[in-house]
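In this note's numbering, the protein residues as written are 20 to 275.
To start, the structure under review is shown below, and the notes come after it.
Structure (structure tokens):
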């Protein structure tokens with residue numbers, strides 16, 4: 020998924036299946052090495068054999084579970100033939116939880132992330148999110164406000180049509196913009212503006228998978244141009260958009 024670098028003969032290379040939903044990019048398959056990079060998403064890696072991730076200070080973090088905090092320089096020094104990687108939006112509740120665990124307890128004190136063997140990648144992600152943010156998924160979860168449900172229903176078509184105005188969306192669902200943004204963050208688990216950005220990335224992937232080049236996919240997903248899409252994917256995940264169409268089959272989900 021991330022930029023390949025330092026490959027040696029016989030070393031694992033990136034390839035497998037990925038899932039994308041607002042706030043989450045997940046991958047299962049073989050995990051390759053990378054060059055030094057940083058990305059905004061929190062990265063949770065688990066594998067059947069130990070991985071080695073080296074941080075920006077040159078310290079190696081080795082284990083079958085490793086969490087890379089948001090915006091931390093690192094490189095995957097030793098990959099694995101079979102593993103799972105989950106990128107979480109750091110402004111989301113589960114992403115913030117994973118980030119704080121890594122910062123306070125170390126990169127190899129990882130959240131629970133079980134194997135995808137005989138399980139769908141979506142089920143693995145759901146379990147991880149429940150572990151990191153049980154208030155959003157457990158019995159104590161607050162029922163969504165009808166306006167939040169309305170916003171979630173409207174957003175796909177609004178994102179596809181162009182820029183999304185929080186003020187206009189709030190008016191359509193009958194709330195003030197401040198009330199909507201507060202409810203949305205509290206009940207969906209990710210701020211509205213970040214939800215819109217992840218939705219644009221999902222739409223760009225859909226268009227690439229449908230045959231668009233990067234320029235067409237970028238414009239169709241509401242990015243200014245392909246350079247804007249490239250900057251966004253590198254900043255969020257440390258990967259180039261070309262990875263969206265190489266060596267990966269995609270499962271695209273509409274919501275959280």
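Quick reminder that beta carbons are idealized off the backbone N, C-alpha and C, glycines included.
Counted as a single uninterrupted DSSP element, the alpha helix (DSSP H) harbouring residue 150 occupies residues 140 to 151. Cβ atoms of residue 111 and residue 209 come within 8 Å of each other, at about 4 Å. Judged by DSSP secondary structure, residue 46 falls within the beta strand (DSSP E) whose first and last residues are 43 to 50. Contact check for residue 245 against residue 234 passes: the beta carbons are separated by less than 7 Å.
Cβ-Cβ distances below 8 Å link residue 126 to 72, 74, 80, 85, 86, 87, 88 in the same chain, with the five nearest sequence neighbours on each side left out; the list follows chain order.
Here residue 69 carries a strand assignment [DSSP, helix/strand/coil]. With a 10 Å radius around the Cβ and a threshold of 16 neighbouring Cβ atoms, residue 193 comes out exposed. DSSP places residue 59 in the coil class of the three-state scheme, outside both helix and strand.
Between the alpha carbons of residue 148 and residue 66 lies a distance of about 18 Å. Judged by beta-carbon spacing, residue 227 lies beyond the 7 Å limit of residue 203, meaning their Cβ atoms are not closer than that value.
DSSP, read as helix, strand or coil, puts residue 137 in coil.
DSSP places residue 181 in the coil class of the three-state scheme, outside both helix and strand.
For the pair residue 103 and residue 47, the CB atoms are nearer than the 7 Å cut-off. Partner residues in the beta bridge of residue 80, as assigned by DSSP, are 72. Around the beta-carbon of residue 189, 16 or more other beta-carbon atoms lie within 10 Å, marking it buried. Partner residues in the beta bridge of residue 95, as assigned by DSSP, are 72. Note on residue 77: under 16 other CB atoms within 10 angstroms of its CB, so exposed under the neighbour-count rule.
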